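Residue numbers (this note's numbering): 6 to 503.
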């Protein structure tokens, strides 16, 4: 190692931290990690249940994108706050994952709507599903009446082609909040929005979407399509639009990636891990000074922060208010079924019909042992309040599992009266962040304050930007930090020094 290589400290336990530290280790560079606690990899750490490791719901790799440039772009050009910028780096993610896991393409996701299985709109861009809607001619007529696809139509400003220019806080540029409901109705039409978007959003949120900001980040429940493409499919002349392909590891969950990275770090003499507390941090003219409880101040040249901006402000001794961001609870149901009880096994099934309580079903990666024993693993995701409103199962795990199996039978996944060989119910309060205007505005205030108070801090994971925390983004953020840390030049300590 060169003597002038800057020292690096990473704070957090996210996948981005693991990727950055592992990349530096493989290059023979030392790294210090400070983790206040929690599973390594955060959400992507998975869940141990029934003698195996599961992903916590639908966790898939996306190795292709409409924005894929074909040749690997320079990591230094990645911008976490730029909408959908991650699409340029799908190939980089693929190449990195290939070092640790073998992957395979999964079957195309589906959705359950109107009592039938259709190609999936919510995640996979399979707009051919629109041709199966009984009211599609009326939906097309409505879009024509709204002015699509004329270039001078009133909603043109909110056309998804202009997503890069949309204000990051979901306003119209003059401070007026613009909601997803408003934009979706403009670009999809009221009928299509009510037929497809609203039912699924109610499943996920247990409420309508009137408070959600008009962001183009692809959430798992918020697609926005180009109106010209949508209209072409409604009118039976669909424009070519390849479905999104997803990959999963062979014989193991994505969570196994976190385990491999942790094992690599634990085995390396180049990695120092301090766990259990949030450090006090001070910006100096030559870097950063970090002090753990009952510890002495230690210097680091570069600081990667993978906790929230609020935790960053607290670490720097700056005031924070008592704001609570908007988040949703999730109930995860892990089910191990006998293969003969499974009628149809989708990779992912989005559940839109009101008669079912779950909003998504994923087939977990089967281990060789499970396949040998004739077993199939499923993960069911639900908003607990909506699920209980449909089934009245309460908090009794056995009733919740029975209700989930009823949903699966109703949708044609399981045969009648099927019951799991193993089940586990996990309730996560505040698991999903919601892009409401109040939460976005507050996040951006804290994000900006942290950057100004601590110039040169490198923000990854939860601090990288609002809703820039996906599987692919965390991998790229870790690689970006590791690559930047190879430079002997350090960020200038401009601004406030504490």
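By construction, the Cβ of each residue, glycine as well, lies at the ideal position given by its N, Cα and C atoms.
Since the model is a prediction, treat every value here as computed from it, not as a measurement.
- By DSSP's assignment, residue 135 forms no beta bridge with any residue.
- Judged by DSSP in its simplified three-state form, residue 88 adopts coil rather than helix or strand.
- Put simply, the backbone Cα of residue 65 is about 34 angstroms away from that of residue 153.
- Boundaries of the beta strand (DSSP E) harbouring residue 335: 332-343, taken from the DSSP string.
- If you look at residue 444, you'll find it in the alpha helix (DSSP H) that goes 442-458.
- With respect to residue 406, residue 338 sits close: the two C-beta atoms are nearer than 8 angstroms.
- In this structure, DSSP gives residue 165 a helical state, which the three-state scheme calls helix.
- The stretch 245-327 contains, as complete beta strand (DSSP E) runs of 3+ residues, the segments 252-254, 276-280, 285-289, 292-296, 303-305 and 307-310 (chain order).
- A direct Cα-to-Cα measurement between residue 42 and residue 246 gives close to 44 angstroms.
- Taking 8 angstroms as the cut-off, the beta carbon of residue 85 is found closer than this to the beta carbon of residue 469.
- The alpha helix (DSSP H) runs of length 4 or more contained entirely in the stretch 8-76 are, from start to end of the chain, 20-31.
- Residue 140 counts as exposed, since fewer than 16 other C-beta atoms from the protein chains shown sit within 10 angstroms of its C-beta.
- In the structure shown, the three-state DSSP call for residue 148 is helix.
- Take the alpha-carbon of residue 362 and the one of residue 206: they are about 12 angstroms apart.
- The stretch 280-296 makes no contact with the stretch 123-143, as fewer than three CB pairs between them are under 8 angstroms.
- With respect to residue 301, residue 451 sits apart: the two C-beta atoms are not nearer than 8 angstroms.
- Burial is judged here by how many other beta carbons sit within 10 angstroms of a residue's own beta carbon; residue 274 has fewer than 16 and is exposed.
- The stretch 342-409 is shown to contain whole beta strand (DSSP E) runs of 3 or more residues at 353-356, 365-368 and 380-387, in chain order.
- DSSP, read as helix, strand or coil, puts residue 201 in helix.
- For the pair residue 115 and residue 354, the CB atoms are nearer than the 8 angstroms cut-off.
- Classified as buried, residue 293 has 16 or more neighbouring CB atoms from the shown chains inside 10 Å of its CB.
- Secondary structure note for residue 238: its alpha helix (DSSP H) is the uninterrupted segment 232-239.
- The beta carbon of residue 40 sits closer than 6 angstroms to those of 18 and 280, all from its chain and outside the five residues before and after it, given in chain order.
- Contact between residue 463 and residue 308 holds: their C-beta atoms lie close to 7 angstroms from each other, under 8 angstroms.
- Residue state for residue 140 is assigned as coil, using DSSP reduced to three classes.
- Under the three-state reduction of DSSP output, residue 187 falls in the helix class.
- If you draw a 10 Å sphere on the C-beta of residue 194, you find 16 or more other C-beta atoms in it, and that means buried.
- The closest CA to that of residue 122, considering only 352, 328 and 144, is found on 352.
- Here residue 229 is near residue 165, since their CB atoms are less than 8 angstroms apart.
- A straight-line Cα-Cα distance of about 37 angstroms links residue 411 and residue 232.
- Contact between residue 110 and residue 252 is confirmed by a C-beta separation of about 6 angstroms, below the 8 angstroms threshold.
- A Cβ-Cβ distance of about 4 angstroms is found for the pair residue 332 and residue 435, placing them in contact under the 8 angstroms criterion.
- Residue 181 and residue 386 have their alpha carbons spaced roughly 34 angstroms apart.
- Boundaries of the alpha helix (DSSP H) harbouring residue 96: 95-102, taken from the DSSP string.
- Secondary structure at residue 466: helix, using DSSP grouped into helix, strand and coil.
- Under the DSSP assignment, residue 487 falls in the alpha helix (DSSP H) whose first and last residues are 476-489.
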